[in-house]
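Working notes, structure below.
Protein chains in written order, with the working numbering: chain W, 178 to 843; chain F, 178 to 843.
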């Protein structure tokens, strides 16, 4: 700030929140959500201040304003609601409000029975100055008022004093404040506004080539089309496919990641590119581009979005290797550098060289891939290993795509170092994978979800919780059997407004790993086509369906904003609640984390947080089993049997005062 | 950042600390201190990184660099020492280090017994590229090395591999890194470097007109000159005077702030300005400007700085009122607006109007006052009520003065709202008054000093602890008698590297307030000349002298950097330690906060923090009483009698291993 120019701006604005890294990165909201902004606002001395929160949609030049209110200790708060997709700007403005100070002081003087005749003239002067800046009726009213309070013989002083405190006039003054010396917060902050699916959704991952009920050896988009109603019935919002592009044959991996591939083995969908095309082509055995577009439309009609996997890497057979050798690193022997994690070598994968001289050309081509699939109707992308690609590429690419298509959603597959994972979210990814798969104990889950929901992380990082993926079969699932799958399903679906399953393997509780201490599936679907029998005994289809229905019927589970943990005197039982902002929907989830034993304990609810009066009984209605219990007070007994259902998802129903009603729980 | 231009900069730098409000404000250090800088530094992928901390004195165009090291979880740390007064800039730079990656990978490949012949050629290529950017001997060495490792028949591979890992060559490569795509931290940060007195000093406040031992009714600078040796002997570094300017007579306040002033009453020194002059003049009864300059020089010779009080306010008789009526607010009746806190009126004080049209002229004049006193030799200023003057004025004024006179120190009298108090520190005040006077219980003291020393506050806010001032006689002192004064003295002098006393009243344990629930002294020196008899029985002169000597002899007490609180099982006893960075000087202070009763309890020391091995006995040497105790282990008994001394200031002396030495404690 050039102090010598701004010497008369007396107000300081500090510690604005939310503000990510000093405004370097935007915060995130979905349509209809509030942005609540707080800041330290103060000036020298003891004058009264006024402050406004300014906001505008990025496509509008005009600022709207909402007033901010003091919370005590110089902290102020204001809010606005984001009504349109895209992005908004927000900032703050505050000023010394001489009229407000004058009015406060006048009240004190009156109370002390001082002569206020000179003060009334001082007030009238402020009102006249305001009238001079104002037009029309307001100006007339103010002028008349100024005259009224400042002129007249001493006998009229009591009436004039009364009139000076007129609320309507104070309102008129507040409407036309003197903001010549207002301080504007130095940063113009940004909030990216996305569709509700960015916050709330259930994802189902499947390999279309293994689509159940298919007619031929290799599943097709048409098979998936026939399968769609089942996915819809289970209550999923997104159907996500691993890469659907032609698969290379050079160094193709066989079953169980065998470096030797036997003839006829299909290869990994992540080995992208062959003579038949690259990232803008479809693996011929899956069908045609037309089939794909049709599937996308069919899905949308059933409220299912098809999500594509974006993996920026190439098989040695990818057309880019031939057409753009400059986008790859060369080894001293002239060959192209394959992927490595020394001493491991991945000769079937060529990474793109983001440090190459033609990085601009590379960036444009990669973006054109996204544009291509958006043209085909895709609105949801899952990005493979974004943490191994240039960081600012993502910021640029996501910004460009979002500028043209603000409705498009990107899920980042970033199982990586925490700071890098968070930066990818700041750079524009809508959602992210995260450490949920490896948070299994009560302490681990509590700490992690407090970090995600109670720190500034909540402003830019949206977790999508996956108990399993084709790459991740956790030890907890390997050794916990069916109860472990139920537990992790309930945790994912109730702790996270967004969650996903690697579907068929999860429905069937597949839990054999390739080897001890590995999280790879035995006979992984990544390298072979699977024949899933989804009607197999013990499948979790009904439970998943029920859980998804509970999520759709209870808005509390559709956001992570009001997550509270409650105490249980048993380390194997975790309890937490979610509530809507007005607490008109409250869900209490209690989960037995021990897949092997019945566990019980005493739950100590924070009734305050739940909006329950300690004196009144309340009903807890287990939406999984349908059972209802009448509870009273904070301390309640819970027992959960993993052999049956290791969790309860209680809807809390508060008592209605009139007991004459039969159904008196709300 | 323009991403499209910086696409190849792969490293992100985040969460830099210290960095106050995104670099908006500088941090503070004194000469010889270290600046330890940490940041999150990471890139996409798995390549090795290198990072440097860059720093330069503001008057130098050339950056120096010191290497940063990883601490784990992508956190890096580096440091530099500030050797010159003034200000330094610092920032960070980090880059992907391909040679480091190559070398790490080579080691893994060798361990896995892979053929590395192509890898050696890849390494040689990196070395050759470096040689091409380099001159002289280094370039020759690198070229020879590249040739050596990359050429030769297969039989020489083991020797060449060995040679490739040569440390000297790796050092040479680190000396010439490829920093084309280095990321520079966006902000250039600032550290203000001040003299040691900014961190460590004991202040003594006195009214020169009440100087003990004076010849006439009104004390003079000459009297103070005679008094200086006593102040020096007591161990004070700063002798601070309330305003020394001519005192106005209009609305002059009488004894005990009486609105009616009797003839001959001297008035308050804060009623500045009369026909005899304003802020650049000296109250005639104190002496001449020449006397004052002489006093400043005499003081400096005894290592005492004279501190002046800067109060930007005027008596109605101040020359500015006549010469610059535009710097004051007018009331509607044409009179000048006096100070008010409605319904209270302070008609003897005219505040300056920082919103006036000629604010630039006002700022310049105020700054010229500081410049004037600096010309007279003053190096230390205490600023009265800075929180009622324009904030950016301070930033500008302190910046300008410090630019020309970086050795000058400003103490802010900001007993105000915490955020405003901190902002004044950020804007450039060297030190600040604070809430110490009202923090009396163990919990209050512990919480407050943790806030001051363990949060980012420590980087910009230096507390100067005053148990009393002419305005503040706390209830604790009023009701606790002499033991309360001893307790607060020890707390101030050991919790704070800087502390101060309103001297005569403190030495004599003056504790009569004007009325109940008031912190004003009865017969306050602000409104009358006092005849202090400093030899009165019960005076604290010896204790103060001893405490100041302990502070000078123990570097641990000269900084607040390593303050630790220790547990005592008695709420009335507080225990804390301070240590030098290398723990070669450790002071443990134990204080009885109850001025009325003997208190005892068990102290549980954090031996780890104190650098003491639990197995070894250690000596605690009470520097107040001279007593020595042999302690063993964390748990030790303490008892403190307020009637004697309510505190112990222990120097910890660790055992030296050779027990043959008689004096085996260090």
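We put the CB at the ideal spot given by N, CA and C, even for glycine.
No experiment lies behind these values; they were computed from the predicted model shown.
Mind checking whether residue i and residue j have CB atoms under 7 Å apart?
i                      : j                      : result
residue 387 of chain W : residue 706 of chain W : yes
residue 451 of chain F : residue 406 of chain F : no
residue 646 of chain W : residue 412 of chain W : no
residue 255 of chain F : residue 230 of chain F : yes
residue 270 of chain W : residue 361 of chain W : yes
residue 341 of chain F : residue 326 of chain F : yes
residue 567 of chain F : residue 531 of chain F : yes
residue 763 of chain W : residue 829 of chain W : yes
residue 655 of chain F : residue 685 of chain F : no
residue 382 of chain F : residue 417 of chain F : yes
residue 639 of chain W : residue 554 of chain W : no
residue 203 of chain F : residue 367 of chain F : yes
residue 393 of chain W : residue 464 of chain W : no
residue 596 of chain F : residue 217 of chain W : yes
residue 275 of chain F : residue 311 of chain F : no
Determine the chain W residues that contact residue i at a beta-carbon separation under 8 Å, and present them in chain order.
i                      : result
residue 184 of chain F : 531, 536, 537, 540, 567, 569, 570, 573
residue 191 of chain F : 198, 596, 600
residue 518 of chain F : 223
residue 289 of chain F : 519, 520
residue 358 of chain F : 532
residue 282 of chain F : 517, 519
Taking the alpha-carbon positions, what's the residue i to residue j distance?
i                      : j                      : result
residue 301 of chain F : residue 232 of chain F : 33 Å
residue 630 of chain W : residue 716 of chain F : 58 Å
residue 455 of chain W : residue 487 of chain W : 12 Å
residue 211 of chain F : residue 593 of chain F : 31 Å
residue 377 of chain W : residue 736 of chain W : 7 Å
residue 843 of chain F : residue 234 of chain F : Per-residue confidence for residue 843 of chain F stands at a pLDDT of 48, beneath the threshold of 50, marking its modelled position as unreliable; no derived number is given.
residue 220 of chain F : residue 282 of chain F : 17 Å
residue 691 of chain W : residue 644 of chain W : 18 Å
residue 774 of chain F : residue 819 of chain F : 7 Å
Does DSSP put residue i in a helix, in a strand, or in coil?
i                      : result
residue 564 of chain F : helix
residue 483 of chain F : strand
residue 672 of chain W : helix
residue 202 of chain F : strand
residue 826 of chain F : strand
residue 817 of chain W : strand
For residue i, which residues in chain W fall below 9 Å Cβ to Cβ?
i                      : result
residue 490 of chain F : Neighbours of residue 490 of chain F on chain W: none; closest Cβ ~12 Å, over 9 Å.
residue 564 of chain F : 221, 222
residue 187 of chain F : 531, 532, 567, 568, 569
Run down chain F in chain order and give the residues with a C-beta less than 7 Å from the C-beta of residue i.
i                      : result
residue 285 of chain W : 519, 520
residue 217 of chain W : 596
residue 728 of chain W : None at all; the shortest Cβ gap to chain F is about 34 Å.
residue 292 of chain W : Chain F residues near residue 292 of chain W: none, gap ~11 Å exceeds 7 Å.
Since residue i meets chain F, which of its residues come closer than 9 Å, beta carbon to beta carbon?
i                      : result
residue 355 of chain W : In chain order: nothing, as chain F lies at least about 11 Å away.
residue 251 of chain W : 594, 595, 596, 597
Check the Cβ of residue i against every Cβ in chain W and list those closer than 7 Å, keeping chain order.
i                      : result
residue 509 of chain F : 295, 298, 299, 302
### Query
Residue ranges of each beta strand (DSSP E) run of no fewer than 3 residues wholly in the region 455-541 of chain F, ordered along the chain?
482-487, 516-518, 521-523
### Query
Which parts of the region 632-709 of chain W are runs of the beta strand (DSSP E), unbroken and 3 residues or longer, counting only runs that do not cross its ends?
675-679
### Query
Where in the region 337-395 of chain F do unbroken runs of the beta strand (DSSP E), each at least 3 residues long, occur, reported from the N-terminal end onward?
366-371, 378-382
### Runs of beta strand (DSSP E) lying entirely within the region 258-286 of chain F, each at least 3 residues, in chain order
263-273
### Those runs of the beta strand (DSSP E) which lie wholly inside the region 406-447 of chain W and span at least 3 residues
415-418
### Query
At which residue ranges does the region 722-764 of chain W contain complete beta strand (DSSP E) runs of 3 or more residues, listed in the order of the chain?
740-745, 750-756
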